[in-house]
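Trainee:
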Amino acid sequence: MARMTVLKSGDGLIIRGRNTYAVDKTGWTKCDYHIISHAHSDHLPTRIYGRPIASRETALLAAQRGLALQAASEDACEDVELIDSGHILGSRAALIEDRILYTGDLNVRDRLFLKGFTPPKADVLIIEGTYGRADFVFDDFGTIVQRMSEYVLEMLSKGQRIMALGYALGKSQVLTNIFTWFDRLVVSDRVDRFNRVYSSLGVDLRTDYLTCSEAEKSGVLEKNSWLMIEEPRWSIRKKMAQRYGALCMGFSGWTSRGGQYGWRRLDAGFPLSDHSDFKELVEVVEQVDPEETYVFCGFADNFAKHLRSLGYDAYPLGSGRRLITDF
Ligand SMILES: [Zn+2]
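Per my numbering: the sequence shown = residues 230 to 556.
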């Protein structure tokens, strides 16, 4: 069996086997193919270094971020199989040359219009470790949605204004879908742009809400209670909370464990995550049943260590070259 190598390059990977593959946000390297797992900015390259392999959804969402991916296809290379990774619309894991499974960001849970990741078996697993620490275990999706909906209803009945904070791509479309029943829904202009791409791809999101700029111009924000879907940027939170006396609700796995990474000082936080939690990540590894595992992002060291304690040959994916040996 031919040897393959995995090399960390920038925030992405270079994989060499029968072909060379740039994966996600690599530094400059010419390759045969460039696999792009999804359109989040920490995975999206600024340039394409080979024939692009990505889903149609990722290509359209990437265009919103200024990356032209019209030439991308899921079937550009017979040695690469893309598999829905359940993270955001269009997110894909890649099974490369039937040996290496790169998960990109993943979520195994079915959520509204998103289908959870079902991993295949592979010799080598390269898996995300965003919540790869044992204290990041989340309630099931339905329970979280019920809790957050009850909180919103209670606050709106008291005439409160609410900022619902989530990442503009992915989380905000889930939030738009959950709060679709509320007639005074406002979304930021950036969230609106991504919502419209989702709608064009057949996801049933209403778009008859007011955008922030429309709402500010019309003066409606001063008169009524409302619920606004916005990004978790501190400057926006401060401005809106002060100007309109709005409550700040955060929606991220980081809101558990007392809040981390910019998710502090919220009036309420809910671990509505687009990533799998710790237990689910371990289950993914069990299902893939790899000979070797490499962990990237988040708690990579911690998760690799935990996997070793379970008997897996697992390492954090550092900057060194990794040789995938014959076995
Ligand atoms: Zn992501």
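Glycine included, C-beta positions come from ideal geometry on N, C-alpha and C.
(1) With a cut-off of 8 Å on the beta carbons, I'd call V517 and S505 a contact; round off their distance for me.
(2) What's the gap between the Cα of L191 and the Cα of G399?
(3) Which of helix, strand or coil does DSSP assign to A497?
(4) Report back the beta-carbon spacing between A268 and T255 to the nearest angstrom; my notes put them in contact at under 8 Å.
(5) Rounding to the nearest angstrom, what Cα-Cα distance links G533 and V524 in this structure?
(6) So C260 is in the alpha helix (DSSP H); what residue range does that whole segment cover?
(7) Report all residues from its chain with a CB closer than 6 Å to the CB of M392; omit the five preceding and five following residues, and keep chain order.
(8) State yes or no: is the C-beta of R419 within less than 8 Å of the C-beta of W455?
(9) In the DSSP assignment, the beta strand (DSSP E) including Y396 goes from what residue to what residue?
(10) Helix, strand or coil for I325? Go by DSSP, reduced to three states.
(11) Mapping the DSSP letters down to three states, classify I307 as helix, strand or coil.
(12) Could you tell me if E307 is buried or exposed, where buried requires 16 or more neighbouring beta carbons within 10 angstroms of its beta carbon?
(13) Closest by CA to V374, which one among G479, R472, F346 and S284?
(14) For D253, is the beta carbon positioned less than 7 Å from some heavy atom of ligand 1?
(15) For ligand 1, I want to know if D313 counts as a neighbour, meaning its beta carbon is within less than 7 Å of at least one of the ligand's heavy atoms.
(16) Given T409, which residues of its chain have a CB within under 8 Å of its CB, disregarding the five upstream and five downstream residues?
(17) Do the segment 354-365 and the segment 278-293 touch if we need at least three Cβ pairs shorter than 8 Å?
(18) Could you name the residues that DSSP lists as bridge partners for L354?
(19) Quick check on DSSP: helix, strand or coil for L430?
(20) Round the Cβ separation of M233 and I244 to the nearest angstrom and send it over; I've been treating them as touching at under 8 Å.
Mentor: Well, looking at it:
(1) The sequence position of residue 517 within the sequence shown is 288, counting from 1. The sequence position of residue 505 within the sequence shown is 276, counting from 1. The Cβ separation is near 13 Å, so there is no contact.
(2) This structure gives no information on residue 191, because the portion of the chain shown stretches from 230 to 556.
(3) Mapped onto the sequence shown, residue 497 falls at position 268. In the structure shown, A497 sits in a strand (DSSP, three-state: E or B).
(4) Here residue 268 refers to the residue found at position 39 of the sequence shown. Here residue 255 refers to the residue found at position 26 of the sequence shown. Incorrect: roughly 16 Å between the Cβ atoms, too far for contact.
(5) As a working note, residue 533 is residue 304 in the sequence shown. As a working note, residue 524 is residue 295 in the sequence shown. Here residue 533 turns out to be Ala, not Gly, going by the sequence shown. Those two C-alpha atoms are separated by around 6 Å.
(6) Counting from 1 along the sequence shown, the entry for residue 260 is found at position 31. Neither: C260 is in no alpha helix (DSSP H) and is coded neither H nor E.
(7) Residue 392 sits at position 163 when you count from the first residue of the sequence shown. Within the same chain, M392 has close Cβ partners M457, E459, M469, A475 and C477.
(8) As a working mapping, residue 419 is identified with position 190 in the sequence shown. As a working mapping, residue 455 is identified with position 226 in the sequence shown. For R419 and W455, no; Cβs fall outside 8 Å.
(9) Taking the first residue of the sequence shown as position 1, residue 396 is located at position 167. Looking at the DSSP string, Y396 is not in any beta strand (DSSP E), and its letter there is neither H nor E.
(10) Along the sequence shown, one-based indexing puts residue 325 at 96. The answer is strand: DSSP assigns I325 an E or B state.
(11) Walking along the sequence shown from the start, residue 307 turns up at place 78. It should be noted that the sequence gives Glu, not Ile, for residue 307. Correct three-state label for E307: coil.
(12) Start at 1 with the first residue of the sequence shown, and residue 307 comes out as number 78. When all chains shown are included, E307 counts as exposed.
(13) For the purposes of this step, residue 374 is taken as residue 145 along the sequence shown, with counting starting at 1. For the residues G479, R472, F346 and S284, the minimum Cα distance to V374 belongs to G479.
(14) Here residue 253 is taken as the residue at index 24 of the sequence shown, counted from 1. Not under cutoff, so the answer is no.
(15) As a working mapping, residue 313 is identified with position 84 in the sequence shown. No, since every heavy atom of ligand 1 falls outside the 7 Å radius drawn around the Cβ of D313.
(16) Reading the sequence shown from its first residue, position 180 is the one you call residue 409. Excluding positions up to five away in sequence, the list reads L434 and R435.
(17) Contact check between the segment 354-365 and the segment 278-293: fewer than three CB pairs, one atom from each, fall below 8 Å, which does not count as touching.
(18) By one-based count along the sequence shown, residue 354 stands at place 125. DSSP lists L330 and T522 as partners of L354.
(19) For the purposes of this step, residue 430 is taken as residue 201 along the sequence shown, with counting starting at 1. Shown here, L430 sits in coil according to DSSP, grouped into three states, outside any helix or strand.
(20) Along the sequence shown, one-based indexing puts residue 233 at 4. Along the sequence shown, one-based indexing puts residue 244 at 15. Sure, about 7 Å apart at Cβ, within 8 Å.
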